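Residue numbers (our numbering): 1 to 71.
The beta-carbon is built from N, C-alpha and C at its ideal position, and this holds for glycine as well.
This one's a predicted model, so the numbers in the text were calculated from it and none came from an experiment.
Here is the structure:
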């Protein structure tokens, strides 16, 4: 497994954990603030873990609008 593959696996697992928190809100088992805190903690831990395998991809560039020349 390459470092990039490992990073993606870590981040994917974290995303699944965050998505699985959704039903807790719908069932009233956790407050929105608590779920936001938990989601932030999961994301921070995943980013930290993924960063141990090398530089993370530049997420901001993926959100930048593309010009016609870039396509």
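(request) Report the three-state DSSP secondary structure of residue 22 (helix, strand or coil). (result) Along the chain shown, one-based indexing puts residue 22 at 22. If DSSP states are grouped into helix, strand and coil, residue 22 belongs with the helices.
(request) Compare the beta carbon distance of residue 14 and residue 51 with 8 Å and say whether it is the shorter of the two. (result) Your numbering for residue 14 matches position 14 in the chain shown. Your numbering for residue 51 matches position 51 in the chain shown. No, these two residues do not count as a Cβ contact at 8 Å.
(message) At the level of alpha carbons, what is the spacing between residue 3 and residue 53?
(response) The sequence position of residue 3 within the chain shown is 3, counting from 1. The sequence position of residue 53 within the chain shown is 53, counting from 1. The alpha-carbon atoms of residue 3 and residue 53 are separated by roughly 6 Å.
(message) Could you compute how far the alpha carbon of residue 7 sits from the alpha carbon of residue 48?
(response) In the chain shown, residue 7 corresponds to position 7, counting from 1. In the chain shown, residue 48 corresponds to position 48, counting from 1. About 10 Å.
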